[in-house]
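Just so you know, my numbering puts 922 at position 12 of the sequence shown, and the rest follows in order with no gaps. Let me begin by presenting the structure, written as structure tokens, before commenting on it.
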Amino acid sequence: MRALPNQVLEAFYSSDAVRRLLEGLPGPGELRVLGGAVGSSGLAAVAALHAARENQVQLLLCPNPQAAASVETDLEVLLGTGVSYLYPQREALPYESSEPHLEVGGLRMEALEGVFSGRARILVTTLRALQER
């Protein structure tokens, strides 16, 4: 297990609820949904999963671009920079040929480069972004 970056995460990681969660982690191709998490406790659970499974990439799906940006920012505060990356959805409609904001394309490339280089361990995105080419 990787050392946790702060005392809050260390306390959260040592709780019985998180220990039970870590014992029941999904295998390849399986899905687990974390329910009942209040406030940032869900993201603290993600940080604990990150520490327990440091050789795996986690994918966090958010309901909309604003939630994805917020989650990624919170993860940066919890884990530090360079662990999580935002893979934003394109702002262009599917039938449009170009992206109106170059920053979106740059963020997407940065996230993909982070995953393929092994630096990124948590990818935060939306379902629409995953469906795009």
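A virtual CB, placed ideally from N, CA and C, is assigned to each residue, including glycine. Only a predicted model underlies this, so the values are computations on that prediction, with no experimental measurement involved.
Note on geometry: alpha-carbon atoms of Gln999 and Leu941 lie some 23 Å from one another. In this structure Ala961 is not in contact with Val1034, their Cβ atoms being roughly 17 Å apart against a cut-off of 8 Å. Under the DSSP assignment, Leu985 falls in the alpha helix (DSSP H) whose first and last residues are 975-989. Under the three-state reduction of DSSP, Gln968 is assigned to strand. Per DSSP, Val948 lies in no beta strand (DSSP E) and is assigned neither H nor E.
Three or more Cβ pairs closer than 8 Å define a contact, and the segment 1012-1019 falls short of that threshold against the segment 969-989.
Per DSSP, reduced to three states, the secondary structure at Leu935 is coil, with no helix or strand assignment. Leu944 and Val981 have their alpha carbons spaced roughly 15 Å apart. At least 8 Å separates the beta-carbon of Tyr997 from that of Ala954. Residue environment: Val918 is assigned as exposed (fewer than 16 neighbouring CB atoms within 10 Å of its CB, all protein chains considered). Remark: C-beta atoms of Phe922 and Ala947 do not approach each other more closely than 8 Å. Residue pairing by DSSP places Val1034 opposite Leu970, Leu996 in a beta bridge.
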